[in-house]
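Structure first, then comments.
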């Protein structure tokens, strides 16, 4: 079974600084999809970024970018110029096939003013 | 506005009293799913549906039922709730035959069973 591991339960960063959240996953597949979701205190789940495993180029969305290392099965999220509104729980997720997304246990990010 | 609507947002109930959490999407998505979120466990899939009248178990289906009689609706039924079903529940939908593009989530239902 595929598993997703987020080894950092909590992280903190100074406002305007850069922070990287780690995610590793276990799969024997070659074509799959990876995601980062943000869950602010409102508890709404918001898609931050999506990566297709067959694409070499790392996905980016404004201040959010990923470092996708396929051989290492690593999918970290970098947040540049951190803002107070970035404070949230972040979930990494994996998908192969048509059944589901498999989620990690989450990293709670605190922004220090 | 494209969205997944879940109701209620909060629910407190007693052990054994049947309840239904409703979920509706207006995006004509074929795929819908239910998850529960618990601290330290992330989100775990309860049930999913790939189309009308097609449902299947996820990772933690015990104690839950679902139905998909219409494309837009996917209610979650707890026939005899127990305290271990106290959790945050999310309904989600996705375009296509599966969640390759990620989910659109509802706003969640905080369920407490006493």
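Residue numbers (my numbering), protein chains in the order written: chain A, 2 to 114; chain H, 197 to 310. No residue lacks a Cβ here, since even glycine has one placed at the ideal position from N, Cα and C.
Residue state for residue 239 (chain H) is assigned as strand, using DSSP reduced to three classes. Counted as a single uninterrupted DSSP element, the beta strand (DSSP E) harbouring residue 104 (chain A) occupies residues 102-104. Non-local beta-carbon contacts of residue 77 (chain A) in its own chain, meaning distances under 7 Å to residues more than five positions away in sequence, involve 21, 22, 23, 24, 67 and 68 in chain order. Under the Cβ criterion of 9 Å, residue 240 (chain H) is counted among the residues facing chain A.
The C-beta distance from residue 221 (chain H) to residue 268 (chain H) rounds to 6 Å, short enough to fall under 8 Å. Beta-bridge annotation (DSSP): residue 65 (chain A) is paired with A:62 and A:80. Pairwise C-beta distances place the region 245-254 of chain H out of contact with the region 295-309 of chain H, as fewer than three of them are shorter than 8 Å. Using a Cβ distance threshold of 9 Å, residue 242 (chain H) and residue 257 (chain H) count as a contacting pair.
What residue 34 (chain A) touches in chain H, judged by beta-carbon distance under 7 Å, is 296, going in chain order.
Between the alpha carbons of residue 43 (chain A) and residue 71 (chain A) lies a distance of about 33 Å. When Cβ pairs closer than 8 Å are counted between the two stretches, the region 100-111 of chain A is seen not to touch the region 46-54 of chain A, the count staying below three. Spatial neighbours of residue 26 (chain A) in its own chain (CB-CB distance under 6 Å, excluding positions within 5 residues in sequence) are listed in chain order as 5, 74 and 95. In summary, the residues of the region 227-252 of chain H whose CB is separated from some CB of chain A by less than 7 Å are 229, 236, 237, 238, 239, 241, 244 and 246, in the order they occur in the chain. Cβ contact annotation for residue 8 (chain A) (same chain, cutoff 8 Å, sequence separation greater than five): 23 and 25, in chain order. Residue range 89-96 is occupied by the beta strand (DSSP E) that includes residue 90 (chain A).
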